[in-house]
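1 is the number of the first residue of the first sequence in the numbering used here; add one for each residue after it.
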Amino acid sequence: MLEIKFVIQNLSLVQEVLSLRGETADLKSLASCDAKRRDILLEIEALRHRRNKVSEHIAIMKKEGEDTENFVNEMRKVSGQIKNLEKILTEMEEKVKNILIGLPNIPHASVPAGKDSSENKTIKQVGKCPDFGFEPKPHWSLGESLGIFDFDRASRITGARFPLYFGAGARLERALINFMLDIHTTEHGYKETLPPFIVNRQSMTNTGQLPKFEEDLFKLEGWDYFLIPTAEVPVTNIHQGEILNEDLLPIMYVAYTPCFRSEAGSYGKDTRGLIRQHQFNKVELVKFARPETSYDELEKLLNDAETILKRLELPYQVISLCTGDLGFSAAKTYDIEVWMPAQDVYREISSCSNFESFQARRANIRFRRKGKKGTELVHTLNGSGLAVGRTVAAMLENFQQPDGSVIIPEALQPYMKTSSIQKEKKT
RNA sequence: GGAGAGAUGGCCGAGCUGGCUGAAGGCGCUCGCCUGCUAAGCGAGUGUGGGGUGAAAGCUCCACCGAGGGUUCGAAUCCCUCUCUCUCCGCCA
């Protein structure tokens with residue numbers, strides 16, 4: 001959420017951002033409702049002041065046995081007026097809030113301008129794309145023939161877009177999760193956390209998934225709860241409503257969770273393989289930072305995510321999302337895209353964003369500066385470190401051998417307890 | 001699922017026969033004093049959000065005692081609904 005004052009004072013800037021992102025909002029009525037809200041508030045406060053004073057006076061008169069009826073009658077009227085005005089005030093506040101909560105974040109100055117993903121800027125490419133002496137196979141057929149995943153059975157258990165792993169496949173997911181958690185906790189200084197996988201409406205609203213993107217979520221029937229689409233939601237909400245100790249900043253968490261996404265509107269896209277599933281595993285990095293260091297923290301976070309790809313010897317590129325491709329809550333986002341040789345494309349495997357105070361304002365996460373009065377909103381950041389299913393897909397494709405087996409990179413071998421994946425016996 | 005207890009400031013904890021209580025007391029924290037050092041001690045200050053005014057410091061007003069409603073001239077205190085926490089019983093991984 002943006003600050004109301006900021007929006008009112010920068011209507012044209014906000015309008016511009018909206019059109020850059022291809023969105024609309026009723027900024028005119030936002031301005032008029034806010035003006036009305038302030039007028040009424042002023043009036044209410046004056047009346048309340050009067051009521052407080054007179055009520056105090058009535059108390060004293062009563063003690064001295066004086067007749068208070070005139071005052072009581074007057075105050076009865078004043079209270080009625082206040083009640084009526086409060087009704088209008090609440091109405092105005094709701095209107096303002098409804099518009100405000102639907103406004104996306106303002107992109108940072110360093111974000112490239114552009115209308116869609118075609119105008120994203122490539123920052124760098126790292127690692128060497130493998131040169132096979134044969135036609136590389138897509139990960140789904142590799143995985144199926146190795147017997148390490150089984151999409152047919154998964155669709156019978158649940159439906160389309162659910163994973164079912166066996167043997168080395170299941171082990172590879174688990175190994176990657178542990179590998180990633182270990183690096184981020186022991187080398188990068190993140191604190192491990194294991195949050196709830198189901199959250200309430202407030203938490204979803206705080207991080208920006210709601211109210212606009214409810215169709216992307218799985219909702220629990222009979223409860224106002226949702227399956228998390230990313231650990232960002234429960235982990236960012238750990239500190240909702242808190243005033244953090246300045247000395248603790250930046251607070252850095254790493255969490256493994258499964259993620260659940262309805263993938264509404266992506267019918268027919270990436271129907272095969274592990275790329276787009278309703279359920280997938282992810283290791284997520286989340287930071288709470290001082291505003292003045294948040295962009296340095298974003299670079300570090302990106303670097304922390306990149307480390308995983310480097311250790312796994314996977315080729316990738318980093319892109320900076322342009323204004324038109326930026327997510328709703330983000331002020332700046334880097335995507336890391338891993339090389340998928342069978343499809344001859346880079347695919348997103350991590351998304352690292354700085355939300356500045358956008359989420360913190362919604363979730364009311366603040367800190368106090370030493371020697372300064374008042375509080376200040378923190379900046380929140382997060383990034384995948386990494387999406388596990390897509391890492392499995394990339395490993396299969398990049399490390400496949402002519403005989404259909406897959407080599408395990410050295411760094412992961414202690415976790416896999418093997419140096420290659422061979423065909424599983426089918427059950 | 002049944003029965004009961006509770007939710008107050010950064011923390012602990014009074015108040016809850018309605019009226020100088022934004023809230024006692026303690027702890028913590030900040031500044032000052034004292035002390036050879038540490039500990040202790042002494043003094044002062046210390047919630048959040050919003051509005052008005054002011055260059056600023058400040059002054060001033062309004063709201064907030066889990067959330068939302070109600071009663072009343074007036075609610076932390078009374079009533080209703082909800083949420084959460086704890087204890088006991090039952091059930092269960």
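Beta carbons are placed, not taken as given, at the ideal position from N, Cα and C, and that holds for glycine.
When the Cα atoms are used, E66 and R37 turn out to be separated by approximately 39 Å. For L314 and G324, the gap between their C-alpha atoms comes out near 28 Å. With respect to the C-alpha of T68, the residue from K77, R76, I58 and M75 having the closest C-alpha is I58. Note that the C-beta distance between L386 and S350 is below 8 Å. For K425 against G147, the beta-carbon gap comes to about 7 Å, under 8 Å, which counts as contact. Taking a 10 Å sphere around the C-beta of T122, we find fewer than 16 other C-beta atoms and assign the residue as exposed. Comparing alpha-carbon positions, the option among P130, R174 and H139 lying closest to L274 turns out to be H139. Excluding five sequence positions before and after A342, the CB atoms of its chain that fall closer than 8 Å to its own CB belong to P136, K137, P138, H139 and E397, given in chain order. As the crow flies, the alpha-carbon of G374 is around 15 Å from that of P291.
The alpha-carbon separation between R390 and L381 amounts to approximately 22 Å. CA-CA distance, Q317 to V126, rounds to 6 Å.
If you look at V388, you'll find it in the alpha helix (DSSP H) that goes V388 to N398. For the pair L220 and E376, the Cα-to-Cα distance works out to about 35 Å. Here R347 is buried: its Cβ has 16 or more other Cβ atoms, across all protein chains shown, within 10 Å. Taking the Cα positions, L164 is about 10 Å away from T158.
The beta carbons of F213 and F226 sit about 11 Å from each other, so the pair does not count as a contact at 8 Å. The continuous beta strand (DSSP E) containing K282 extends over residues Q279 to A289. When only Cα atoms are considered, I60 and K5 end up about 42 Å apart. Under the DSSP assignment, T257 falls in the beta strand (DSSP E) whose first and last residues are I251 to F260. In this structure, the CA atom of L30 is about 9 Å from the CA atom of N98.
For V96, same chain residues with a beta-carbon under 8 Å away, outside a window of 5 residues either side, are I4, L30, C33, D34 and R37 in chain order. G208 counts as buried, since no fewer than 16 other beta carbons sit within 10 angstroms of its beta carbon. Here G143 is buried. Its C-beta has 16 or more other C-beta atoms within 10 Å. Relative to K300, the option among T257, S329, M252 and V345 whose CA is nearest is M252.
Around the beta-carbon of Q359, 16 or more other beta-carbon atoms lie within 10 Å, marking it buried. Taking a cut-off of 8 Å on C-beta distances, the segment 162-180 touches the segment 398-418, as three or more cross pairs fall below it. A distance below 7 Å between beta-carbons, with the five flanking residues on each side excluded, links E297 to the following residues of its chain, in chain order: P250, K287, A289 and L381. As the crow flies, the alpha-carbon of E410 is around 12 Å from that of F179.
Residue environment analysis places G383 among the buried positions, since at least 16 neighbouring C-beta atoms fall within 10 angstroms of its C-beta.
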